[in-house]
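Number of protein chains: 2
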Amino acid sequence: MGITTKDLAQICGVSRTTVHRALHDGAGRIHPDTREMILRVAKENDYRPDLLARGLVKGQTFNIGVVVLDVKSRYFAELLSIIGAEAGRQGYFVNITLHDNDKETEKSQLTRLADYHVDGIIVSSVNEGDEYKNFLRGLDIPIVSVDNKIADGIPFVGIDQRRAMTDATAKVIEKKYEKLIFVCPPMEDTGKRNIYVHRERLKGFKETVEKYSGIEISYLLDWNYREHVESVLGESRKTAFVCSADEFALEVMKRMKKSGKRAGRDYGIIGFDNIDILDYVTPRLTTISNSVAEVAETAVALLFELIMRKQEGKNWEEPAPCKILPYRMVEGETI
Amino acid sequence: MGITTKDLAQICGVSRTTVHRALHDGAGRIHPDTREMILRVAKENDYRPDLLARGLVKGQTFNIGVVVLDVKSRYFAELLSIIGAEAGRQGYFVNITLHDNDKETEKSQLTRLADYHVDGIIVSSVNEGDEYKNFLRGLDIPIVSVDNKIADGIPFVGIDQRRAMTDATAKVIEKKYEKLIFVCPPMEDTGKRNIYVHRERLKGFKETVEKYSGIEISYLLDWNYREHVESVLGESRKTAFVCSADEFALEVMKRMKKSGKRAGRDYGIIGFDNIDILDYVTPRLTTISNSVAEVAETAVALLFELIMRKQEGKNWEEPAPCKILPYRMVEGETI
DNA sequence: ATGAAAGCGCTAACAG
DNA sequence: CTGTTAGCGCTTTCAT
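If you read the sequences in order, they're chains A and B. Just so we're aligned, residue 1 is where the first sequence starts under the numbering used here, counting upward by one. Just so we're aligned, residue 1 is where the second sequence starts under the numbering used here, counting upward by one.
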């Protein structure tokens, strides 16, 4: 492959240690002339350190791993972009891997990253529960989960999903909607994938509607919701869809449009996530924004803190920090 | 950190070589009982091989790197997802890194991946030209570029951008549009970023319009196109925008909407790329789809071929393979 | 069937 | 200021 410090040492007629000193500022005294000469030769021969070897001996790679479900949602896109920028600022590189919604894939991605000695990992997990927590602990590496909470004891950064949905629902009710239809994935998916956020949002919704009376409630909790949209819509009462994700809301709107119904006029609808394609959709969907940028920045900061702690030999696993960030209501034209 | 083969050897009272034999099938004769015993102990202690060490000694990591601009477009999202699946099938893992449109970032990502001994790289580059080609060659690692062609001599997988635009333009003209406005980034950007695809598309456009007479042509080649949209639109003749990217088309439509003009009725417009958000925009934009899935699969297959060649000590840099794949016209309502 | 020893390329501790 | 030596954890000859 490329040239090594050994080669450089030979060419320059010095020892490998001297080469090392020339290459690294803090690594001991060296005569400026030798230094310069070595650096020149190194540059001439396009010397590049073998990062595997370095990582092996230092036990540190200045890499952080990120494992996300997929990359199709804008939320992840932005998250990744910010994590990359933030980590880069600290001299770290980011290794992204995908698990495409598969639990085993996620595990092997995490294991592999750990075995490659990444210094820390940020994960948006499909897995959840205590067993998984033990698996993560076993990796013996700082891990921060974002978006989906995994279990108590695993550092987590996200927004208060339940309270956000509480607010959203209250807002809808204030606008005099009399029939509310909650749209989210089936709760049976628990165990199959991490639907933590949707469970929380559902809780928030239920909590709120119970406080009011005279409101008709209905649920679309399965993947056939697209077909059921129209049938569930009562003509008589002022109806709104409360969706646990913008994607669902967009699907509903698409469907309704075919029947000539317009959001904000013929029915109300509110989403969640504030994905960026909403900018191109009319009417503007009212939704909730979970502050991606803040989540990303906080997660990175937290991860670095854990990494530092571990390096200093401190206890870094307990207590597991948990940062709940604010969300923001995005006013649109659909409620 | 974790337990090592040395530890296992000690626990089992055998040599490290024997442990190694137990762990790897093809690594020499070993007594079934010893083997089983070692494997049991290994499992009990959750032994996991240090991948840095292995990579260092084998010079091979079973990792491939992917460097892309970002993951905000559906195109990349899908590309990554398919690359991941395809590579996984071959026992490889994928390392994604982003360059966020920055040339230097891209270079350092590539360098880093190479220095971590990934076995090969797939890149959608912002850089282009012969100098960059030399840089890539210097990495001494199989690289396949997708989407944006970098230079002759660097393996490339993508569609024939020029011919696609030729077809698109012809289609517009057939529909009796008399004035065509081409919208794309300024060509001066060559050197600043990789606008290979846009250059090619522009060529295709020019080629085609020259074949017809009586057609009025005009260009929006700068970043202020948003403001110029209306002024450039002649009232008298049937006018269409030919855009070198869907994003531009969406901007134009947004602008026109404000003046009450509707695409497909008051003017024609065609995009390029078939980005996913088009599904949510009305009227449906007519556009061209480059076959992501095929690009991804072909790129991975090609990369593996190069990797194999290199491992077998064959010449893998010349000749650089180049696969041009078919594109597809997506019929919308705007032409 | 098992073991000893060398080496991948780098860093670190200890001499001189 | 420079060199020697040892070691990270794994794989790979070459002996026994």
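Beta carbons: idealized from backbone N, C-alpha and C, even for Gly. These numbers come from a predicted model, not from an experiment.
**Report entry** Residue-level contact to chain B via CB, A:His20, 8 Å cutoff
**Finding:** In the first sequence, counting from the first residue as 1, residue 20 of chain A sits at position 20. By this cut-off, A:His20 is not an interface position.
Report task. Determine, using beta carbons only, whether A:Asp76 comes closer than 8 Å to chain B. Result -> Indexing the first sequence from 1 puts residue 76 of chain A at position 76. Residue 76 of chain A is actually Phe in this sequence, not Asp. For A:Phe76, the answer is yes, since a Cβ of chain B falls inside 8 Å of its Cβ.
Query - Within 8 Å, strictly: CB atoms of A:Gly120 and A:Leu306 - result: Along the first sequence, one-based indexing puts residue 120 of chain A at 120. Along the first sequence, one-based indexing puts residue 306 of chain A at 306. Yes, they are a contact pair.
**Report entry** Supposed close pair A:Ile335, A:Gly268 - CB separation, criterion 8 Å
**Finding:** Translated into positions along the first sequence, residue 335 of chain A becomes position 335. Translated into positions along the first sequence, residue 268 of chain A becomes position 268. Your pair A:Ile335 and A:Gly268 checks out as a contact, with CB atoms roughly 5 Å apart and the cut at 8 Å.
Query raised in the report: In this structure, what does DSSP give as the bridge partners for A:Cys243?
Result: As a working note, residue 243 of chain A is residue 243 in the first sequence. In DSSP, A:Cys243 forms a bridge with A:Val183.
Report task. Report all residues from its chain with a CB closer than 8 Å to the CB of A:Ser218; omit the five preceding and five following residues, and keep chain order. Result -> Position 218 of the first sequence, counted from the first residue, corresponds to residue 218 of chain A. Contacts found: Lys179, Leu180, Ile181, Phe182, Val232.
Query raised in the report: Which residues share a DSSP beta bridge with A:Lys323?
Result: On the first sequence, position 323 is the one that residue 323 of chain A refers to. Answer is A:Val157, bridged to A:Lys323.
Query raised in the report: What's the call for B:Thr169, buried or exposed, on a 16-neighbour Cβ count within 10 Å?
Result: Stepping through the second sequence from its first residue, residue 169 of chain B is reached at position 169. Buried, since its Cβ has 16 or more Cβ neighbours within 10 Å.
Query - B:Phe272, enclosing alpha helix (DSSP H) - first and last residue - result: Looking up residue 272 of chain B in the second sequence gives position 272. Run containing B:Phe272: none; DSSP gives neither H nor E here.
**Report entry** First and last residue of the uninterrupted beta strand (DSSP E) at A:Leu98
**Finding:** In the first sequence, the residue the question calls residue 98 of chain A occupies position 98. Judged by DSSP secondary structure, A:Leu98 falls within the beta strand (DSSP E) whose first and last residues are 93 to 98.
Query raised in the report: Does the count of Cβ pairs from the segment 79 to 92 of chain B and the segment 287 to 301 of chain B closer than 8 Å reach three?
Result: yes
Report task. Give me whichever residues DSSP pairs with A:Met329 in a beta bridge. Result -> For this step, residue 329 of chain A is matched to residue 329 along the first sequence. Beta-bridge pairing links A:Met329 to A:Ile288.
Report task. Could you name the residues of the segment 91 to 106 of chain A whose beta carbon sits closer than 7 Å to any beta carbon of chain B, in the order they occur along the chain? Result -> Phe93, Val94, Asn95, Ile96, Thr97, Leu98, Asp100
Query raised in the report: Taking only beta-carbon atoms, is A:Gly264 less than 8 Å away from chain B?
Result: The count along the first sequence starts at 1 and reaches residue 264 of chain A at position 264. No, because no Cβ of chain B sits closer than 8 Å to the Cβ of A:Gly264.
Query raised in the report: Anyone know if the C-beta pair for B:Leu324 and B:Ile122 falls short of 8 Å?
Result: The residue given as residue 324 of chain B occupies position 324 in the second sequence. The residue given as residue 122 of chain B occupies position 122 in the second sequence. One detail in the question is off: residue 324 of chain B reads as Ile in this sequence, not Leu. No, the Cβ-Cβ distance between B:Ile324 and B:Ile122 is not below 8 Å.
Query raised in the report: Since A:Ser259 is in the alpha helix (DSSP H), which residue starts that stretch and which ends it?
Result: Residue numbering aside, residue 259 of chain A sits at position 259 when the first sequence is read from its first letter. Unbroken run through A:Ser259: none, as it is neither H nor E.
**Report entry** Residue interval of the beta strand (DSSP E) (run including B:Glu216)
**Finding:** For this step, residue 216 of chain B is matched to residue 216 along the second sequence. Taken as a continuous stretch (DSSP letters only), the beta strand (DSSP E) holding B:Glu216 covers 216 to 220.
Query raised in the report: Of all the CB atoms in chain B, is at least one closer than 8 Å to the CB of A:Tyr280?
Result: What you label residue 280 of chain A is simply residue 280 of the first sequence in a count that begins at 1. So yes, A:Tyr280 belongs to the interface.
Query raised in the report: In the DSSP assignment, what are the bridge partners of B:Ile143?
Result: For the purposes of this step, residue 143 of chain B is taken as residue 143 along the second sequence, with counting starting at 1. According to DSSP, B:Ile143 bridges with B:Ile121.
Query raised in the report: Under the rule that 16 or more other beta-carbon atoms within 10 Å means buried, what is A:Gln161, buried or exposed?
Result: Residue 161 of chain A sits at position 161 when you count from the first residue of the first sequence. Buried.
Query - For A:Asn63: DSSP bridge partner residues - result: Taking the first sequence and counting its residues from 1, the one referred to as residue 63 of chain A is at position 63. In DSSP, A:Asn63 forms a bridge with A:Phe93.
Query raised in the report: Would you say B:Lys133 reaches chain A, if we count a Cβ-Cβ gap shorter than 8 Å as a contact?
Result: For the purposes of this step, residue 133 of chain B is taken as residue 133 along the second sequence, with counting starting at 1. Closer than 8 Å: no.
Query raised in the report: Who are B:Tyr75's beta bridge partners in DSSP?
Result: Indexing the second sequence from 1 puts residue 75 of chain B at position 75. In the DSSP output, where bridge partners are listed per residue, B:Tyr75 has none listed.
Query raised in the report: Just the Cα atoms here: how many angstroms apart are B:Phe135 and B:Glu317?
Result: Within the second sequence, the letter at position 135 stands for residue 135 of chain B. Within the second sequence, the letter at position 317 stands for residue 317 of chain B. The alpha-carbon atoms of B:Phe135 and B:Glu317 are separated by roughly 14 Å.
Report task. May I ask you to list, following chain order, the residues of the segment 151 to 165 of chain A that have a beta carbon less than 8 Å from some beta carbon of chain B? Result -> none
**Report entry** For A:Thr190: DSSP bridge partner residues
**Finding:** For the purposes of this step, residue 190 of chain A is taken as the residue at position 190 of the first sequence. In the DSSP output, where bridge partners are listed per residue, A:Thr190 has A:Arg193.
Query raised in the report: Between the C-alpha atoms of A:Lys310 and A:Pro142, what's the straight-line distance to the nearest angstrom?
Result: Position 310 of the first sequence, counting from 1, holds the residue named residue 310 of chain A. Position 142 of the first sequence, counting from 1, holds the residue named residue 142 of chain A. Roughly 8 Å between the two C-alpha positions.
Report task. Please confirm if the segment 102 to 121 of chain A is in contact with the segment 37 to 52 of chain B, defined as three or more CB-CB distances below 8 Å between the two stretches. Result -> With a cut-off of 8 Å, the segment 37 to 52 of chain B and the segment 102 to 121 of chain A count as touching, because enough Cβ pairs lie within range.
Query raised in the report: How do the segment 52 to 72 of chain A and the segment 272 to 281 of chain A stand: do at least 3 beta-carbon pairs fall below 8 Å, yes or no?
Result: no
**Report entry** Coil, strand or helix - A:Tyr365 by DSSP
**Finding:** The structure shown does not extend to residue 365 of chain A, since chain A is modelled only from 1 to 335, so the question has no answer here.
Report task. Can you tell me which of A:Thr105, A:Gly26, A:Lys149, A:Phe241 puts its alpha carbon nearest to the alpha carbon of A:Val172? Result -> Against the first sequence, residue 172 of chain A aligns to sequence position 172. Measuring from the Cα of A:Val172, the nearest candidate turns out to be A:Phe241.
Query raised in the report: Is there at least one Cβ from chain A nearer than 8 Å to B:Ala299's Cβ?
Result: In the second sequence, residue 299 of chain B corresponds to position 299, counting from 1. No, its Cβ sits nowhere closer than 8 Å to a Cβ of chain A.
Query raised in the report: Who does B:Val68 pair with in a DSSP beta bridge?
Result: Looking up residue 68 of chain B in the second sequence gives position 68. B:Val68 pairs with B:Leu98.
Query - Residues sharing a beta bridge with A:Tyr267, DSSP - result: Here residue 267 of chain A refers to the residue found at position 267 of the first sequence. DSSP lists A:Ala263 as partners of A:Tyr267.
**Report entry** Integer Cβ distance of A:Leu250 from B:Tyr280, believed to fall under 8 Å
**Finding:** Translated into positions along the first sequence, residue 250 of chain A becomes position 250. Translated into positions along the second sequence, residue 280 of chain B becomes position 280. The beta-carbon distance between A:Leu250 and B:Tyr280, rounded to whole angstroms, is 6 Å. This is short enough to meet the 8 Å contact definition.
Query raised in the report: What residues in its chain sit with their C-beta under 6 Å from that of B:Glu216, if we drop five residues either side in the sequence?
Result: What you label residue 216 of chain B is simply residue 216 of the second sequence in a count that begins at 1. Same-chain partners within the cutoff: Lys179.
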